[in-house]
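If you're matching positions, the sequence shown starts at 1 in my numbering and goes up one per residue. The next block holds one structure in the form of structure tokens; read it before the comments.
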Amino acid sequence: MLFSICTSQVPQTFLKETLRHIFFVWLLLKVPCHLLFYSSIVVLLAFN
């Protein structure tokens, strides 16, 4: 019983993590590089 719970639990969390990584990569691809560049400059200027 415990073994079946463990084996069903692990793939679920693994799947969630994988989906989240895919989502972040997709977001990064959607956002233009120059926009990311300018926002990083703004952040650097704000913290200096």
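Just so you know, even glycine gets a beta-carbon here, dropped at the ideal spot from N, CA and C. Everything numeric in this text was worked out from a predicted model, so none of it was measured.
| said: Tell me the residue span of the alpha helix (DSSP H) that contains residue 42. | reply: On the sequence shown, residue 42 is found 42 positions in, with the first residue counted as 1. 33–47 is the extent of the alpha helix (DSSP H) around residue 42.
| task | Could you check the C-alpha separation between residue 1 and residue 15 for me, to the nearest Å? | result | The residue labelled residue 1 in the question sits at position 1 within the sequence shown. The residue labelled residue 15 in the question sits at position 15 within the sequence shown. For residue 1, the predicted model reports a pLDDT of 47, less than 50, meaning its position is unreliable and no value from the coordinates is stated.
| residue 25 versus residue 48 - alpha carbon distance | The residue you call residue 25 lines up with position 25 of the sequence shown. The residue you call residue 48 lines up with position 48 of the sequence shown. Within the model, the alpha-carbon separation for residue 25 versus residue 48 is close to 29 angstroms.
| What did DSSP end up calling residue 17 once you bin it into helix, strand or coil? | Stepping through the sequence shown from its first residue, residue 17 is reached at position 17. Residue state for residue 17 is assigned as helix, using DSSP reduced to three classes.
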